[in-house]
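Please read the structure below before turning to the comments.
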Amino acid sequence: MTPSDASAAAGAGRWSSLDRPPLNPAALHRALVTEGGLWTSLEVVPSTGSTNTDLAARAAELPEGAVLVAEEQTAGRGRLDRSWVAPARSGLFFSVLLKPGPGVPEERWAWLTLLAGVATSSGLSRAAGVDALLKWPNDLLVTVEGEERKAGGILAERVGDGVVIGIGLNVTLTEDELPVPQAGSLALAKATVTDREPLLKAVLRSLEEWYGRWRDAAGDPGESGLQETYAAGCATLGRHVRADLPGGRTLTGTAEALDTDGHLVIRTAEDERVAVGAGDVVHLRAVR
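Going by our numbering, the final residue of the sequence shown carries number 318, and the count climbs one at a time with no gaps.
As structure tokens, this is what we get:
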């Protein structure tokens, strides 16, 4: 066997799952990195600990619109330092660098997490025929056999003069591969498309569209339509919820609305309306 034959054989073994082929970086770059567009670079790496960590480390030297995609994450992070690990090529694991600049007041940058949720949900609806609902503040839910399950998550981190947004999405995970029984995937939700390349292109194009609309409105969630669209697709609103807040406090009540800061407004049993800006929200039941 020649060295080139050996290399080919090794590559064939690495990508032996025909249901999980590798991404084509050149094709993705041609489709997404265009003159005048938001995306300025797109890199695909075989494996890394966390795309957010890697992109954040290089944020100062990169222009807005850098995209880093990993075929596999070995130390992916979610909110509250939770881990996000999945088999290689079973999902989409990527981060983007956005720099809203002085045209958007910094107090409105918190909307970027919710914007990424709306963009991902919209992109998946168009490309995969899946109605992904939003669980405040950063989860994506799909329906598997009548049950809401988490199929994706978003993590936004402030880095210098920009924000790194990481998106993780389970695409082809089977029941046996789920990290917890409450998790789901696009395949389990009967998505019409599970090819990761068109899904990634759809999400990034949707993100570019929503980000442009939001930035053109100086980050105003009302004028850009972001607040209304998020509320319309948010599975948390109208539910009886428990919010586990920083400092060990707990708040229980009905999730009523999103305020102009993107906070979740909860009405307690004492009829007090409390705006929650950070915390872990648990859906308890629907309100009848």
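C-beta atoms are modelled at their ideal positions from N, C-alpha and C, and glycine is treated no differently.
Because the structure is a prediction, the values reported are computed rather than measured.
Exercise for the section: For residue 77, name the three-state secondary structure that DSSP assigns. Expected result: As a working note, residue 77 is residue 47 in the sequence shown. Under the three-state reduction of DSSP, residue 77 is assigned to coil, being neither helix nor strand.
Exercise for the section: Note down the Cα distance separating residue 248 from residue 52, rounded to an integer number of angstroms. Expected result: In the sequence shown, the residue the question calls residue 248 occupies position 218. In the sequence shown, the residue the question calls residue 52 occupies position 22. Here the alpha carbons of residue 52 and residue 248 stand approximately 38 Å from one another.
Handout entry: Residue from 228, 238 and 294 with nearest C-alpha to residue 54
Key = Taking the first residue of the sequence shown as 1, we reach residue 54 at position 24. Answer by Cα proximity: 228.
Exercise for the section: List the residues that DSSP assigns as beta-bridge partners of residue 326. Expected result: No answer is possible for residue 326: the residues shown for the chain start at 31 and end at 318.
Handout entry: C-alpha distance - residue 110 paired with residue 58, whole-angstrom precision
Key = Start at 1 with the first residue of the sequence shown, and residue 110 comes out as number 80. Start at 1 with the first residue of the sequence shown, and residue 58 comes out as number 28. Bear in mind that the predicted position of residue 110 carries a pLDDT of just 46, short of 50, making it unreliable; the figure below should be weighed with that in mind. So the alpha carbons of these two residues sit roughly 32 Å apart.
Practice task
Could you tell me whether the stretch 246 to 260 touches the stretch 80 to 87, using the rule of 3 or more Cβ pairs below 8 Å?
Solution key: No, the stretch 246 to 260 is not in contact with the stretch 80 to 87.
Practice task
Output yes or no for whether 8 Å exceeds the beta carbon distance between residue 265 and residue 163.
Solution key: In the sequence shown, the residue the question calls residue 265 occupies position 235. In the sequence shown, the residue the question calls residue 163 occupies position 133. Residue 265 is a Cβ neighbour of residue 163, given a cutoff of 8 Å.
Practice task
Kindly indicate which three-state DSSP category residue 84 falls into: helix, strand or coil?
Solution key: Looking up residue 84 in the sequence shown gives position 54. If DSSP states are grouped into helix, strand and coil, residue 84 belongs with the helices.
Handout entry: Nearest-angstrom Cα separation, counted from residue 184 out to residue 147
Key = For this step, residue 147 is matched to residue 117 along the sequence shown. For this step, residue 184 is matched to residue 154 along the sequence shown. Counting only the Cα atoms, residue 184 lies some 7 Å from residue 147.
Handout entry: Proximity to residue 193 [Cα-Cα], best of 96, 308 and 300
Key = For the purposes of this step, residue 193 is taken as residue 163 along the sequence shown, with counting starting at 1. Of all alpha-carbon atoms in 96, 308 and 300, the one lying nearest the alpha-carbon of residue 193 is that of 96.
Practice task
Report yes if the CB atom of residue 69 is closer than 8 Å to the CB atom of residue 230, and no otherwise.
Solution key: Stepping through the sequence shown from its first residue, residue 69 is reached at position 39. Stepping through the sequence shown from its first residue, residue 230 is reached at position 200. Not in contact: residue 69 and residue 230 (Cβ atoms no closer than 8 Å).
Problem - Those runs of the beta strand (DSSP E) which lie wholly inside the stretch 229 to 281 and span at least 3 residues - result: List check, beta strand (DSSP E) in window: 269 to 274.
Problem - Assigned secondary structure, residue 110 (DSSP; H/G/I helix, E/B strand, else coil) - result: Working through the sequence shown from its first residue, we reach residue 110 at position 80. Low local confidence applies: a pLDDT of 46 at residue 110 is under 50, so the model's placement there is unreliable, and no value is given.
Exercise for the section: Determine the contact status of residue 291 and residue 307, defining contact as a CB-CB distance below 8 Å. Expected result: As a position in the sequence shown, residue 291 is number 261, starting the count at 1. As a position in the sequence shown, residue 307 is number 277, starting the count at 1. Against a cut-off of 8 Å, the Cβ pair of residue 307 and residue 291 comes out as a contact.
Handout entry: Same chain, Cβ closer than 7 Å to residue 93, five either side skipped, listed in chain order
Key = The residue labelled residue 93 in the question sits at position 63 within the sequence shown. Around residue 93: 70.
Practice task
Just the C-alpha distance for residue 314 and residue 285, rounded to the nearest angstrom, thanks.
Solution key: By 1-based counting over the sequence shown, the position of residue 314 is 284. By 1-based counting over the sequence shown, the position of residue 285 is 255. Linking residue 314 to residue 285 through their CA atoms gives a straight-line distance of about 11 Å.
Handout entry: Whole-angstrom distance between residue 166 and residue 282, CA atom to CA atom
Key = What you label residue 282 is simply residue 252 of the sequence shown in a count that begins at 1. What you label residue 166 is simply residue 136 of the sequence shown in a count that begins at 1. Rounded to the nearest angstrom, the two C-alpha atoms are 15 Å apart.
Exercise for the section: Can you tell me the Cβ-Cβ gap for residue 74 and residue 99, rounded? I've got them flagged as a contact below 8 Å. Expected result: Taking the sequence shown and counting its residues from 1, one reaches residue 74 at position 44. Taking the sequence shown and counting its residues from 1, one reaches residue 99 at position 69. The distance from the Cβ of residue 74 to that of residue 99 is about 5 Å, consistent with a contact at the 8 Å cut-off.
Practice task
Just the C-alpha distance for residue 104 and residue 214, rounded to the nearest angstrom, thanks.
Solution key: As a working note, residue 104 is residue 74 in the sequence shown. As a working note, residue 214 is residue 184 in the sequence shown. About 19 Å.
Problem - Opposing strand residues paired with residue 220 [DSSP bridges] - result: The residue you call residue 220 lines up with position 190 of the sequence shown. DSSP lists no beta-bridge partner residue for residue 220.
Problem - Continuous alpha helix (DSSP H) stretch holding residue 156: start and end - result: Position 126 of the sequence shown holds residue 156. Run containing residue 156: 141 to 158, per the alpha helix (DSSP H) assignment.
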